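Asker:
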Amino acid sequence: MKLSKESRHSEVDEPTSLLVSSKSMIYHAFKWVSILAIVIIFLSLLTGVLVRYLFSTNLGWVTEVPNLVFPWLTMCAIAAAAARNEHIGVELLVAKLPRLPKKVVVLVVNLIAMIAFGVMAVHGLDVVEIAGSQRLPITQIGMSWAYWSVVVGFIGLAVVSFINIAMVLTGGEQFSEPQVSHGEDGI
C-alpha cells in the first residue's frame, strides 16, 4: 500500500519524519542538479550545431562542456535514485524474510554501502588533487571541477545509507521503501 505524502509525515514520530524529510531534500537537490546538467549539455551542443550550420565554423568550447557536466549528471542522478530507493536491487529474497532478519540485512547492507561510499569519496579527493593540474585546452577549466562530482555524489550516497540505517533503528524502515510506483506517478 502506498501512503500519501501527508499521511507519510503525520503517522511517524519526529526523528523518522526528520529522516524522511532529509532524504526528500537530498533527492530534490540532486534531481535539480541533474536537470540543470541535462539542460546545459543540450544547450551547449545545440549552440555548437547551430553555429556550425549557420556560420560554417566551430566553437571549440562546446565539446568541452559535456566533459565537465556529464559526470555531475551521472553522480547526481545516482544519488537522487538512491534517496528515493529507486536504484537497482534484487529484493526477492530479502522481501521474503521475517521482520527481524530483514532489518539486519538492511542494516548490514547500508552499513557496508556507507563505508564503501565514504572511502570512495575520500579517494575521490586524491583524484581531484591529481586532476587539478590538468586543464581543458580551450576553456582552461581544471578537470578537477568534473571530478568533484564523484566526491559530492559519493558523499550523498553515504549520507543516504546513513539515513537508511537511522530509519531502521528508529522503526521507520517502511519509509525507506521506494516512494514512487514504477511508471505510475512519474517525476
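In this note's numbering, the protein residues as written are 162 to 348.
Virtual Cβ for every residue (Gly too), placed ideally from N, Cα, C.
Predicted, not measured: the structure shown is a model, and the values here were computed from it.
Hey, would you say R296 sits closer than 8 angstroms to G285, going by beta carbons?
Answerer: To locate residue 296, count along the sequence shown from 1; it is residue 135. To locate residue 285, count along the sequence shown from 1; it is residue 124. No, these two residues do not count as a Cβ contact at 8 angstroms.
Asker: Output yes or no for whether 8 angstroms exceeds the beta carbon distance between A277 and L180.
Answerer: As a working mapping, residue 277 is identified with position 116 in the sequence shown. As a working mapping, residue 180 is identified with position 19 in the sequence shown. No, the Cβ-Cβ distance between A277 and L180 is not below 8 angstroms.
Asker: Alpha carbon to alpha carbon, how far is T177 from E167? Give it in angstroms, no decimals.
Answerer: The count along the sequence shown starts at 1 and reaches residue 167 at position 6. The count along the sequence shown starts at 1 and reaches residue 177 at position 16. Confidence at E167 is low in this model, with a pLDDT of 47, below 50, so its placement is unreliable and the value that follows should be read with caution. Whole-angstrom Cα-Cα distance: 14 angstroms.
Asker: According to the neighbour-count rule (16 or more other Cβ atoms, all chains shown, within 10 Å of its Cβ), is N219 buried or exposed?
Answerer: The residue you call residue 219 lines up with position 58 of the sequence shown. Per the 10 Å Cβ criterion, exposed.
Asker: Should A319 be labelled buried (16 or more other beta-carbon atoms within 10 Å of its own) or exposed?
Answerer: Taking the first residue of the sequence shown as 1, we reach residue 319 at position 158. Counting Cβ neighbours within 10 Å, A319 comes out buried, since at least 16 surround it.
Asker: For W233, I'd like the list of residues in its chain whose CB is within less than 7 angstroms of its CB, leaving aside the five on either flank, ordered along the chain.
Answerer: Translated into the one-based positions of the sequence shown, residue 233 becomes position 72. Excluding positions up to five away in sequence, the list reads V194, A198, S310.
Asker: State the DSSP-derived secondary structure class of R260, mapped to helix, strand or coil.
Answerer: Locating residue 260 in the sequence shown gives position 99, counting from the first residue. Helix at R260.
Asker: Under 8 angstroms between the Cβ atoms of V266 and V280?
Answerer: As a working note, residue 266 is residue 105 in the sequence shown. As a working note, residue 280 is residue 119 in the sequence shown. No.
Asker: For the candidate residues P262, L268, L253, A244, whose alpha-carbon lies nearest to that of K184?
Answerer: By one-based count along the sequence shown, residue 184 stands at place 23. Selected option, being the one with the closest Cα: A244.
Asker: In its own chain, which residues sit with a C-beta less than 6 angstroms from the C-beta of N271, not counting the 5 before and 5 after it?
Answerer: Within the sequence shown, numbered from 1, the residue matching residue 271 stands at position 110. Taken in chain order, the residues that qualify are S322, N325, I326.
Asker: Might you give, ordered along the chain, the residues of its own chain that have their beta carbon closer than 6 angstroms to the beta carbon of C237, omitting 5 neighbours on each side?
Answerer: Looking up residue 237 in the sequence shown gives position 76. Here the set comprises F191, V194, S195.
Asker: Label E290 either buried or exposed according to how many other C-beta atoms from any shown protein chain fall within 10 Å of its C-beta, with 16 as the threshold for buried.
Answerer: Taking the first residue of the sequence shown as position 1, residue 290 is located at position 129. It is exposed - the Cβ of E290 has fewer than 16 other Cβ atoms within 10 Å.
Asker: Would S205 be called buried (16 or more neighbouring beta carbons within 10 Å of its own) or exposed?
Answerer: For the purposes of this step, residue 205 is taken as the residue at position 44 of the sequence shown. Flag for S205 reads buried.
Asker: Using C-beta distances below 6 angstroms, list every residue in its chain close to V329, excluding the 5 sequence neighbours before and after it, in chain order.
Answerer: Numbered from its first residue, the sequence shown carries residue 329 at position 168. The answer, listed in chain order, is K264, V267, L268.
Asker: Considering H225, what are the terminal residues of the alpha helix (DSSP H) in which it resides?
Answerer: Position 64 of the sequence shown holds residue 225. Checking the displayed sequence, the identity of residue 225 turns out to be Glu instead of His. Element bounds for E225: 221-244.
Asker: Which partner residues of Q303 appear in the DSSP bridge assignment?
Answerer: Counting from 1 along the sequence shown, the entry for residue 303 is found at position 142. With the sequence shown as reference, residue 303 is identified as Gly, and Gln is not the correct amino acid for it. In DSSP, G303 forms a bridge with R296.
Asker: Cβ of I202 within 8 angstroms of Cβ of V223?
Answerer: Position 41 of the sequence shown holds residue 202. Position 62 of the sequence shown holds residue 223. No.
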